[in-house]
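A.B. asks:
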Amino acid sequence: MNPKWNGQFSCFDLVAKTPDCPRSLVQVGEIEIGGGNFVVMAGPCAVESESQLLQTAEAVAYAGAQILRGGAYKPRSSPYSFQGLGVEGLRLLAKARQETGLAIVTEVMSEEDVDIIAEYADIMQVGTRSMENFALLEALGGCGRPVLLKRGMTATLEELLRSAQVVAMAGNPQIILCERGIRTFETATRNTLDIAAVPVLKTVSHLPVIVDPSHAAGVRALVPTLSRAAVVVGADGLLVEVHPHPEAAFSDGDQSLTFSEFRAMMLDLQPYLDLQHEHHQPRPQLLAVGGAD
Ligand code: PEP
Ligand code: MN
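Residue numbers for the sequence shown follow this note's numbering, so the first one is 7 and each next one is one higher.
#1: Taking the alpha helix (DSSP H) that Leu-146 falls in, what are its first and last residues?
#2: Determine, using beta carbons only, whether Val-210 and Val-239 come nearer to each other than 8 Å.
#3: Pop quiz: Gly-115 and Arg-75 are said to be a contact at Cβ under 8 Å. What is the actual Cβ separation, rounded to whole angstroms?
#4: Using the Cβ count rule (16 or more neighbours within 10 Å means buried), how would you classify Pro-214?
#5: Would you decide whether Pro-50 is buried or exposed? Buried here means 16 or more other CB atoms lie within 10 Å of its CB.
#6: Thinking Glu-165 and Leu-142 are a contact (beta carbons under 8 Å), I'd like their distance in whole angstroms, please.
#7: Thinking just about the alpha-carbon of each residue, which of Val-45, Gly-158 and Leu-167 is nearest to the one in Ile-110?
#8: Just to confirm the assignment: which complete alpha helix (DSSP H) runs, minimum length 4, are found wholly within the region 104-164?
#9: Can Thr-134 and Met-175 be called in contact, C-beta distance under 8 Å?
#10: Figure out for me which residue from Pro-230, Val-132 and Pro-277 has the closest Cα to the Cα of Glu-267.
#11: Buried or exposed for Lys-10, please, with buried defined as at least 16 other CB atoms from any protein chain shown within 10 angstroms of its CB.
#12: DSSP on Ala-294, reduced to helix/strand/coil?
#13: On the DSSP letters alone, give me the boundaries of the alpha helix (DSSP H) that Gln-276 sits inside.
#14: Along the chain, where does the beta strand (DSSP E) containing Gln-61 start, and where does it finish?
#15: Sorry if obvious, but does the Cβ on Gly-133 come closer than 7 Å to a heavy atom of ligand 1?
#16: Does at least one heavy atom of ligand 1 sit under 7 Å from the Cβ of Asp-4?
#17: Can you give the Cα-Cα distance for Ala-170 and Gly-243, rounded to whole angstroms?
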């Protein structure tokens with residue numbers, strides 16, 4: 007390990023990789039995140055209506071996603087934008103789970119909403135704008151659900167792990183880290199996907215790491231390529247935005263895939279996943295040359 011990383015991160019003892027705890031699994035029903043299977047979480051940026059959500063849930067399940075994403079409480083940059091359906095959105099997510107068997111990940115923005123969201127969600131998402139909302143992180147310590155912790159758009163990896171440590175110290179070790187792109191001087195993409203974050207985090211921490219190519223790219227054309235990159239660097243899964251009619255989406259339409267684009271992407275990823283899997287298989291022992299006489 008790079009000695010610099012070791013010095014930088016070893017203080018966060020509950021999330022740091024150690025010989026005794028090289029990696030941890032986050033279990034959601036039958037789904038294991040961080041255990042070698044690549045887990046895809048997909049769905050709309052925001053829950054907009056019953057038909058939008060149920061159609062999307064069916065389409066992403068058919069294409070191989072295991073978890074449905076969708077915001078009911080939306081952290082919008084503008085106060086004039088759609089703010090989400092709130093509890094009604096949570097009810098629709100629960101209905102989609104019942105109809106498809108998909109687990110649910112949805113965002114929580116305030117410690118006041120933790121209890122109600124934990125009643126409906128299988129995974130509690132902390133968005134980029136909330137990564138250092140310490141009151142929220144502490145409240146998630148007792149929520150009884152795994153936490154998907156997104157990297158702040160201006161946060162270092164050390165700061166991301168510091169926030170993870172806060173959740174763990176508050177009593178919840180079930181944490182998934184998410185690289186979703188950071189602010190840089192580059193404007194061609196919405197954010198800059200820090201692809202090296204994945205192997206660095208997987209080296210210094212035992213927590214599972216997933217990639218959100220949608221908020222990194224900002225445009226749908228780049229999403230499949232960034233997803234391939236995520237597979238190749240060893241991510242444990244993806245968080246991807248998918249919408250039945252991206253041009254009419256209430257939020258993040260430009261970066262949302264259509265159903266057919268999502269399915270094509272899932273097929274495209276398969277050979278990369280197979281290669282990755284092969285690469286991590288234990289190598290067969292070489293037979294000793296000579297043999298029996
Ligand atoms: C989202 O997942 O829709 C979202 C708001 O993401 P982020 O917090 O990464 O911007
Ligand atoms: Mn979004």
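Glycine included, every Cβ here is placed at the ideal spot set by N, Cα and C.
Quick caveat, the model's predicted, so the values are computed rather than measured.
C.D. replies: Taking the definition as stated:
#1: 140-146
#2: no
#3: Just to set this straight, residue 115 is Met in the shown sequence, not Gly. That belief does not hold up - the Cβ atoms of Met-115 and Arg-75 are roughly 15 Å apart, past 8 Å.
#4: buried
#5: buried
#6: That belief does not hold up - the Cβ atoms of Glu-165 and Leu-142 are roughly 15 Å apart, past 8 Å.
#7: Per the Cα distances, Val-45.
#8: Considered as a whole, the region 104-164 harbours 120-126 and 140-146 as its complete alpha helix (DSSP H) runs of no fewer than 4 residues, in chain order.
#9: no
#10: Selected option, being the one with the closest Cα: Pro-230.
#11: Residue burial annotation: Lys-10 is exposed, with fewer than 16 other C-beta atoms found within 10 angstroms of its C-beta.
#12: Bear in mind that a pLDDT of 44 at Ala-294, under 50, signals an unreliable position, so the number given afterwards is only what the model happens to contain. Of the three classes helix, strand and coil, the one that applies to Ala-294 here is coil, per DSSP.
#13: 265-286
#14: Unbroken run through Gln-61 is the alpha helix (DSSP H), 56-69; no beta strand (DSSP E).
#15: Yes, the Cβ of Gly-133 comes within 7 Å of a heavy atom of ligand 1.
#16: Coverage of the chain is limited to positions 7 through 299, which leaves residue 4 absent and any answer about it impossible.
#17: 18 Å
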